[in-house]
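Residues in the sequence shown are numbered consecutively from 0, following numbering that gives the first Met the number 0.
For glycine and all other residues, C-beta sits at the position ideal for the given N, C-alpha and C.
All values reported here derive from a predicted model rather than from experimental measurement.
Here is the structure we will look at, set down as structure tokens.
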Amino acid sequence: MQSKLVERFCAMVRIDSESGNEARFIDATKALLEEELHAACVIDAHGNLIAKVQAKGASDATPIFLAAHGDTVKPGIGIEPIVEDGVIRSKGETILGADDKAGLAAIVEAVVTAKIHPPVEIVVTLGEEVGLEGAKNLDLSLLDATRGIVADGEVLNEVIIGGPTHAMLDVEIVGKAAHAAEPENGISAIRVAAEAITRLKEGKLDDETVANVGTIQGGMIRNGVPERVTIQAECRSLNHEKCVRQAESMKAAFETAASAAGASANVVLQIEYKATRTAEDSAIVQLAKKAISSVGLEPKTAVMLGGTDSLVLSGRGLETAVMGVGGVGAHSTDERIRVEDLEKGTEIFRNLLELAAAG
């Protein structure tokens, strides 16, 4: 017989919520929190859900927020979870959605079962997987808490305290179309793009910086010199200035290659978010580490090159860190989570709430 926690998680992943189509999941979560936690819920102008739960046995305690994102990556329509040998996975045609519904399920169960807890604000954001859009647009005026945890990591004993600056480059190369039999009359946008890509630094540049060209699209017909190519590229670094320098050098590579060939390069460079780091001795990090220790695990802190809602919220002035819930294989049809790890992650969050209530 499945536990209430597993049932809750499986019910969550059955509700489709690919990025951009989370409204039904948000409405269902709002109804759940109102019924089970008597939460006062509001949906902000962007569509994020903020649910305020009154303190239990600790009315004077400092409020805390617990956050998870409600969207999933593709393929995430028609998810059917199965539980086999203590592991929850999808039937295989879709992702599971443990990223991040395992985090939300753990948060809800922790608040429901905690013997004592401070005022809790449960935040469910939209569009995390497509640029942390919910966190960027979260109406902070609706929050009382100034510190909290994002439940969106994998490793149960890891507290993620920092992340990178992320720069995105959208490039359009415009050459000159011609028949392939008369290439001297054209300028190949594909060749210009290839020349630029071979010039720029890519891959892991050092221990804190990476760069990548993710997509390239162009050309219309086999027997034509291609006039137009579009490219999507990015770079990330835990050092903000280093990321900016790398992004500018990538931009210059496309512009230089285009100029040399008589083509043009239109490059839009955008800083998506800026590197931040929550201090190791901050109250929220110390609370997270104590909660992890309380279940017999050795806590550790880490920084990551990926983006999380925590990175944006920290940059907006909230004391925030990320904690794990145990899922593995995110963004793939092999995504899965052990029931034991989901339960352990929930226990950690429950203990975190009880420790927060005790001051």
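Count the other CB atoms within 10 Å of the CB of Glu214; is the residue buried (16 or more) or exposed (fewer)? Against the sequence shown, residue 214 aligns to sequence position 215. Here the sequence assigns Thr to residue 214, which means Glu is not the residue at that position. Burial call: exposed.
Alpha-carbon to alpha-carbon, Thr61 and Thr277: To locate residue 277, count along the sequence shown from 1; it is residue 278. To locate residue 61, count along the sequence shown from 1; it is residue 62. Roughly 19 Å separates the two Cα atoms.
Nearest to Lys288 (by Cα), restricted to the options Ala113, Val154, Lys55 and Asn211: Translated into the one-based positions of the sequence shown, residue 288 becomes position 289. Ranking Ala113, Val154, Lys55 and Asn211 by Cα distance to Lys288 puts Val154 first.
Note down the Cα distance separating Thr208 from Val266, rounded to an integer number of angstroms. Indexing the sequence shown from 1 puts residue 208 at position 209. Indexing the sequence shown from 1 puts residue 266 at position 267. Their backbone Cα atoms lie some 21 Å apart in a straight line.
Go ahead and label Val107 buried or exposed: buried means 16 or more other beta carbons lie within 10 angstroms of its beta carbon, across all protein chains shown. Your numbering for residue 107 matches position 108 in the sequence shown. Result: buried.
Among Gly326, Asp15 and Ala176, the one whose alpha carbon lies nearest that of Asn184: Taking the sequence shown and counting its residues from 1, one reaches residue 184 at position 185. Looking at the Cα atoms, Ala176 is the closest of the given residues.
For Val243, the three-state DSSP class (helix, strand or coil): The residue labelled residue 243 in the question sits at position 244 within the sequence shown. In the structure shown, Val243 sits in a helix (DSSP, three-state: H, G or I).
To the nearest angstrom, report how far apart Ala251 and Val327 are at their CA atoms. Taking the first residue of the sequence shown as 1, we reach residue 251 at position 252. Taking the first residue of the sequence shown as 1, we reach residue 327 at position 328. Spanning the two alpha carbons is a distance of roughly 38 Å.
If you run the structure through DSSP and keep just helix, strand and coil, what is Leu95? Sequence index remark: in the sequence shown, residue 95 carries index 96 (1-based). The answer is coil: DSSP assigns Leu95 none of H, G, I, E or B.
C-beta contact flag for Leu352 and Ala109 at 8 Å: Position 353 of the sequence shown, counted from the start, is the residue given in the question as residue 352. Position 110 of the sequence shown, counted from the start, is the residue given in the question as residue 109. Yes. Within cutoff.
Where the alpha helix (DSSP H) through Thr229 begins and ends: Translated into the one-based positions of the sequence shown, residue 229 becomes position 230. Here Thr229 belongs to no alpha helix (DSSP H); instead the beta strand (DSSP E) covers Arg227 to Ser236.
Delimiting residues of the alpha helix (DSSP H) encompassing Ser292: Counted from its first residue, the sequence shown places residue 292 at position 293. Taken as a continuous stretch (DSSP letters only), the alpha helix (DSSP H) holding Ser292 covers Ala282 to Ser292.
Opening and closing residue of the beta strand (DSSP E) in which Lys299 lies: Mapped onto the sequence shown, residue 299 falls at position 300. First-last of the beta strand (DSSP E) with Lys299: Lys299 to Val302.
Provide the residue span of the beta strand (DSSP E) that contains Leu168, from first to last. For the purposes of this step, residue 168 is taken as the residue at position 169 of the sequence shown. From DSSP, the beta strand (DSSP E) with Leu168 extends over Thr164 to Val173.
Counted within 10 angstroms of its Cβ, other Cβ atoms place Met219 as buried (16 or more) or exposed: For this step, residue 219 is matched to residue 220 along the sequence shown. It is exposed - the Cβ of Met219 has fewer than 16 other Cβ atoms within 10 Å.
Sequence-distant residues of its chain with Cβ nearer than 7 Å to Glu254 (five each side left out): Taking the sequence shown and counting its residues from 1, the one referred to as residue 254 is at position 255. Counting only Cβ-Cβ distances below 7 Å, and skipping sequence neighbours, we find Ala264 and Val266.
Does DSSP put Ile63 in a helix, in a strand, or in coil? Residue numbering aside, residue 63 sits at position 64 when the sequence shown is read from its first letter. DSSP places Ile63 in strand when its eight states are reduced to three.
Checking 8 Å against the spacing of the C-beta atoms, do Leu317 and Thr145 come in under that value? For this step, residue 317 is matched to residue 318 along the sequence shown. For this step, residue 145 is matched to residue 146 along the sequence shown. Cβ atoms of Leu317 and Thr145: closer than 8 Å.
Which partner residues of Arg45 appear in the DSSP bridge assignment? Walking along the sequence shown from the start, residue 45 turns up at place 46. What sits at residue 45 in the sequence shown is His, not Arg. According to DSSP, which records beta bridges pairwise, His45 is partnered with nothing at all.
Where the beta strand (DSSP E) through Asn211 begins and ends: Residue mapping note: residue 211 aligns to position 212 of the sequence shown, counting from 1. Where Asn211 is concerned, the enclosing beta strand (DSSP E) stretches over Thr208 to Gly217.
Under the rule that 16 or more other beta-carbon atoms within 10 Å means buried, what is Gln1, buried or exposed? Here the question's residue 1 lines up with position 2 in the sequence shown. So Gln1 ends up on the exposed side.
List the DSSP bridge partners of Ser89. In the sequence shown, residue 89 corresponds to position 90, counting from 1. Its beta-bridge partners are Pro80.
For Glu132 and Val5, I'd like the C-alpha separation in whole angstroms. Counted from its first residue, the sequence shown places residue 132 at position 133. Counted from its first residue, the sequence shown places residue 5 at position 6. Glu132 and Val5: Cα-Cα distance of roughly 29 Å.
Taking buried to mean at least 16 other C-beta atoms within 10 Å of its own C-beta, is Lys55 buried or exposed? Along the sequence shown, one-based indexing puts residue 55 at 56. Lys55 is buried by the Cβ-count criterion.
Considering Cα atoms alone, identify which of Thr307, Met322, Ala256 and Glu271 is closest to Leu286. Numbered from its first residue, the sequence shown carries residue 286 at position 287. Taking only the C-alpha atoms, the option nearest Leu286 is Met322.
Does the beta-carbon of His37 have 16 or more other beta-carbons within 10 angstroms, so that it is buried, or is it exposed? The residue labelled residue 37 in the question sits at position 38 within the sequence shown. Exposed is the call here.
I'd like to know whether the C-beta atoms of Asp98 and Thr71 end up nearer to each other than 8 Å. Your numbering for residue 98 matches position 99 in the sequence shown. Your numbering for residue 71 matches position 72 in the sequence shown. Closer than 8 Å, so yes.
Rounded straight-line distance, which links the Cα of Asp26 to that of Ser16: Mapped onto the sequence shown, residue 16 falls at position 17. Mapped onto the sequence shown, residue 26 falls at position 27. The straight-line gap from Cα to Cα measures roughly 11 Å.
Whole-angstrom distance between Ala180 and Gly306, CA atom to CA atom: If you number the sequence shown from 1, residue 306 lands on position 307. If you number the sequence shown from 1, residue 180 lands on position 181. Taking the straight line from one Cα to the other gives about 47 Å.
Take His239 and list the residues in its own chain whose beta-carbon comes closer than 8 Å to its own, dropping the five residues that flank it on each side. The residue given as residue 239 occupies position 240 in the sequence shown. Contacts found: Thr164, Lys273 and Ala274.
Please state if the CB of Ile14 and the CB of Arg23 are separated by a distance shorter than 8 Å. Here residue 23 refers to the residue found at position 24 of the sequence shown. Here residue 14 refers to the residue found at position 15 of the sequence shown. Yes, Cβ-Cβ distance for Arg23 and Ile14 is below 8 Å.
Kindly indicate the opening and closing residues of the alpha helix (DSSP H) around Ser263. As a position in the sequence shown, residue 263 is number 264, starting the count at 1. Run containing Ser263: none in the alpha helix (DSSP H); it sits in the beta strand (DSSP E), Ser263 to Tyr272.
Quick one: Cα of Val338 to Cα of Ala195, how far? In the sequence shown, residue 338 corresponds to position 339, counting from 1. In the sequence shown, residue 195 corresponds to position 196, counting from 1. Distance between the alpha carbons of Val338 and Ala195: 48 Å.
Neighbourhood of Glu120 by C-beta distance below 8 Å, restricted to the same chain and skipping five residues each side: Counted from its first residue, the sequence shown places residue 120 at position 121. Within the same chain, Glu120 has close Cβ partners Ile49, Ala50, Lys51, Val52, Pro62, Ile63, Phe64, Leu65, Leu142, Asp143, Ala144 and Gly147.
Integer-rounded CB distance, given that Arg335 should sit under 8 Å from Leu95: Counting from 1 along the sequence shown, the entry for residue 95 is found at position 96. Counting from 1 along the sequence shown, the entry for residue 335 is found at position 336. Confirmed, Cβ separation roughly 6 Å.
Check whether the Cβ atoms of Ala166 and Leu268 sit closer than 8 Å, and answer yes or no. Taking the first residue of the sequence shown as position 1, residue 166 is located at position 167. Taking the first residue of the sequence shown as position 1, residue 268 is located at position 269. Yes, the Cβ-Cβ distance between Ala166 and Leu268 is below 8 Å.
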